[in-house]
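Visitor:
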Amino acid sequence: MKTILVTGGCGFIGSNFIRMELNEHPELTIINVDKLTYAGNLENLADFEGDPRYQFEKVDICDRAEVERVLASTPIDAVLNFAAESHVDRSILDSGPFITTNIVGTQTLLDACRKFNIPRYVQVSTDEVYGSLGETGLFTEETPLAPNSPYSASKTAADLLVRAYYHTYHFPCLTTRCSNNYGPYQFPEKLIPLFISNLLADQQVPVYGAGTNVRDWIHVVDHCRGIDATLRKGRVGEVYNFGGRCEMKNIDLTKLLIQKLGKTESLIRNVADRPGHDLRYAIDCSKAEQELGWVPQYTFERGIQETIDWYIANQEWVRRIRSGDYLKYYAEQYGKRLG
Ligand code: NAD
Ligand code: TYD
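Quick note: the sequence shown uses the numbering used here, first residue 23, plus one each step.
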């Protein structure tokens with residue numbers, strides 16, 4: 023593989039993926055197609071500016087002509103679609119951009135890739151397409167799709183388009199579905215970076231409901247290794263689940279972050295629950311382990327400590343994000359809840 027095109031590479035997972043690929047594959051060139059929404063940040067890949075193996079294109083994946091211009095510019099061995107609106111709470115406030123980017127954007131990209139005979143396409147999806155688990159059980163690749171939020175519904179629609187393009191056109195696509203990621207460069211709207219950033223500033227942390235919802239946490243580098251394994255070894259038309267085998271209740275995770283940061287539990291604020299809040303996510307990743315030889319390498323203990331250390335060392339990165347539009351979003355999302 024010589025040249026790959028990554029969409030959404032200025033976001034959290036895409037930037038970690040590009041960094042990992044460029045560091046581990048010296049022969050590889052990467053084209054990063056990103057619209058630079060509120061979540062896209064050129065700073066996330068500042069270390070590769072000027073590197074001849076890295077090319078940035080400010081392009082919206084919904085813009086067919088622009089996507090085709092980039093695809094026509096050089097032979098491309100694979101396209102990986104990370105670009106998305108990714109935050110459940112924002113999808114509850116306004117689903118419009120989720121339908122546009124996650125569904126129409128995926129369709130636009132798929133059609134352009136078909137036209138240019140791209141030999142391999144990886145759709146980066148989420149376990150949220152499976153809906154919610156009760157107290158027991160795990161999501162497998164066979165679990166029926168049952169999304170509950172506008173975000174997960176839009177990701178499911180994209181997955182179904184990918185599935186349909188494989189079946190209808192034999193388009194060579196693969197899909198990954200991963201559980202909740204954490205790690206460096208995550209936008210401070212998701213639970214872990216939001217709570218670390220608030221705690222560092224001695225601000226309250228808003229726990230939805232009683233905090234008994236469960237998420238299965240995976241370090242972003244383990245997810246990126248899974249995407250890489252899918253790209254290089256996966257069977258076309260297949261779906262691969264990835265997870266950290268690390269289930270935690272939100273309230274227990276919150277208390278752990280407080281303890282590690284040396285703060286007090288009086289900063290916890292139990293606020294009104296998220297509408298339609300999925301109770302529990304947990305992944306069976308045995309297919310990826312058996313077929314791709316992938317296993318998560320990070321323990322949560324190591325991953326969360328490194329993540330906390332990264333946010334402490336990069337408070338300027340956080341500070342630059344937490345202004346302007348971010349403050350407007352924070353007030354709209356939490357103003358009434360926090361009172
Ligand atoms: P993110 O919100 O941090 O980054 C999204 C990136 O996509 C940003 O750089 C943004 O500018 C770009 N983008 C948005 N709309 C675009 C458009 N129309 N055209 C081009 N670029 C656009 O998201 P993330 O957390 O890095 O997630 C990346 C992917 O992984 C998403 O598809 C998401 O659904 C999936 N995923 C995320 C998680 C998680 O825990 N964060 C878990 C499983 C799957
Ligand atoms: P989040 O990081 O938004 O990921 P997702 O909703 O995609 O799983 O949320 C993780 C969990 O944390 C989820 O159960 C919702 C909860 N949560 C809070 O309790 N408070 C918050 O401010 C946020 C952002 C999330």
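Ideal Cβ positions, reconstructed from N, Cα and C, are used throughout, including at glycine.
Can the beta-carbon of glutamine 312 be found closer than 8 Å to that of aspartate 244?
Guide: The residue you call residue 312 lines up with position 290 of the sequence shown. The residue you call residue 244 lines up with position 222 of the sequence shown. No, they are not a contact pair.
Visitor: Helix, strand or coil, according to DSSP, for arginine 237 in the structure here?
Guide: Looking up residue 237 in the sequence shown gives position 215. Note: arginine 237 maps to strand in three-state DSSP.
Visitor: Short check: CB of asparagine 170 to CB of glycine 298, under 8 Å?
Guide: Against the sequence shown, residue 170 aligns to sequence position 148. Against the sequence shown, residue 298 aligns to sequence position 276. Yes. Within cutoff.
Visitor: Is it the case that the segment 265-282 contacts the segment 197-217, given that we only count it when at least three CB pairs across the two stretches are under 8 Å?
Guide: yes
Visitor: Using the three-state DSSP reduction, which class does alanine 223 fall into: helix, strand or coil?
Guide: Numbered from 1 along the sequence shown, position 201 holds the residue referred to as residue 223. Of the three classes helix, strand and coil, the one that applies to alanine 223 here is coil, per DSSP.
Visitor: What's the C-alpha gap between leucine 314 and leucine 196?
Guide: In the sequence shown, counting from the first residue as 1, residue 314 sits at position 292. In the sequence shown, counting from the first residue as 1, residue 196 sits at position 174. Roughly 13 Å between the two C-alpha positions.
Visitor: Can you confirm whether the segment 91-100 touches the segment 128-146 when touching is taken to mean that 3 or more C-beta pairs between the two stretches lie within less than 8 Å?
Guide: yes
Visitor: Is the beta carbon of asparagine 63 less than 8 Å from the beta carbon of valine 28?
Guide: Along the sequence shown, read from residue 1 onward, the residue named residue 63 stands at position 41. Along the sequence shown, read from residue 1 onward, the residue named residue 28 stands at position 6. Going by C-beta atoms, asparagine 63 is not nearer than 8 Å to valine 28.
Visitor: Assign glutamate 79 to one of three DSSP states: helix, strand, or coil.
Guide: The count along the sequence shown starts at 1 and reaches residue 79 at position 57. Under the three-state reduction of DSSP output, glutamate 79 falls in the strand class.
Visitor: If distances are taken between C-alpha atoms only, which option among Gln337, Thr234, Tyr303, Leu253 comes closest to cysteine 268?
Guide: On the sequence shown, residue 268 is found 246 positions in, with the first residue counted as 1. Closest option to cysteine 268, Cα to Cα, is Tyr303.
Visitor: What is the residue span of the beta strand (DSSP E) that threonine 148 lies within?
Guide: Here residue 148 refers to the residue found at position 126 when the sequence shown is read from its first residue. Start and end: 143-148.
Visitor: Does the Cβ of lysine 57 lie closer than 7 Å to at least one heavy atom of ligand 1?
Guide: Numbered from 1 along the sequence shown, position 35 holds the residue referred to as residue 57. Under cutoff, so the answer is yes.
Visitor: For ligand 1, any of its heavy atoms closer than 7 Å to the Cβ of aspartate 82?
Guide: Here residue 82 corresponds to residue number 60 of the sequence shown, with the count starting at 1. Yes; taking the cut-off as 7 Å, the Cβ of aspartate 82 has a heavy atom of ligand 1 nearer than that.
Visitor: Let me check understanding here. Comparing Cα to Cα, which of Tyr76, Lys177, Ala100, Arg75 lies closest to threonine 122?
Guide: Counted from its first residue, the sequence shown places residue 122 at position 100. Out of Tyr76, Lys177, Ala100, Arg75, Lys177 has the C-alpha closest to the C-alpha of threonine 122.
Visitor: Shorter than 7 Å, the distance from the beta carbon of valine 151 to the closest heavy atom of ligand 1, or not?
Guide: Position 129 of the sequence shown, counted from the start, is the residue given in the question as residue 151. Every heavy atom of ligand 1 is 7 Å or more from the Cβ of valine 151, so no.
Visitor: Compare the C-alpha of aspartate 111 against each of Arg341, Asp300, Glu328, Ile334 and name the closest.
Guide: The residue labelled residue 111 in the question sits at position 89 within the sequence shown. Ranking the options by Cα distance to aspartate 111, first place goes to Asp300.
Visitor: Only counting runs of 4 or more residues, tell me where the alpha helix (DSSP H) segments fall wholly within the segment 258-342, in order along the chain.
Guide: 272-282, 308-314, 322-335
Visitor: Who pairs with valine 229 in a beta bridge, going by DSSP?
Guide: Taking the sequence shown and counting its residues from 1, the one referred to as residue 229 is at position 207. Beta-bridge pairing links valine 229 to Asn292.
Visitor: Starting from isoleucine 40, trace the alpha helix (DSSP H) both ways and give me its first and last residue.
Guide: Indexing the sequence shown from 1 puts residue 40 at position 18. Run containing isoleucine 40: 34-46, per the alpha helix (DSSP H) assignment.
Visitor: Does the beta-carbon of histidine 299, which I'm using as the reference point, lie nearer than 7 Å to any heavy atom of ligand 2?
Guide: The count along the sequence shown starts at 1 and reaches residue 299 at position 277. Result yes, Cβ under 7 Å from ligand 2.
Visitor: Kindly give me the distance between the Cβ atoms of valine 144 and alanine 105, rounded to whole angstroms, as I take these residues to be in contact under 8 Å.
Guide: In the sequence shown, counting from the first residue as 1, residue 144 sits at position 122. In the sequence shown, counting from the first residue as 1, residue 105 sits at position 83. Contact check for valine 144 and alanine 105: beta-carbon distance about 12 Å, past the 8 Å limit, so the pair fails to qualify.
Visitor: With a threshold of 8 Å on Cβ separation, who are the neighbours of isoleucine 52 within its own chain once the five nearest residues in sequence on each side are excluded?
Guide: As a first step, residue 52 is located in the sequence shown; it is residue number 30 there, counting from the start. Here isoleucine 52 has Thr25, Ile26, Leu27, Val28, Gly31, Ile40, Glu43, Leu44, Arg75, Tyr76, Gln77 as same chain residues with Cβ atoms under 8 Å from its own Cβ, once five neighbours each way along the sequence are excluded.
Visitor: Going by the DSSP bridge assignment, what does tyrosine 60 pair with across the sheet?
Guide: For the purposes of this step, residue 60 is taken as the residue at position 38 of the sequence shown. The partner list for tyrosine 60 (beta bridge, DSSP) is empty, contrary to what the question assumes.
Visitor: Confirm, please, whether the CB-CB distance from valine 146 to leucine 102 is below 8 Å.
Guide: Position 80 of the sequence shown, counting from 1, holds the residue named residue 102. Position 124 of the sequence shown, counting from 1, holds the residue named residue 146. In this structure, valine 146 lies closer than 8 Å to leucine 102 by Cβ.
Visitor: Determine contact between the segment 219-233 and the segment 277-293, defined as no fewer than three beta-carbon pairs at a distance below 8 Å.
Guide: yes
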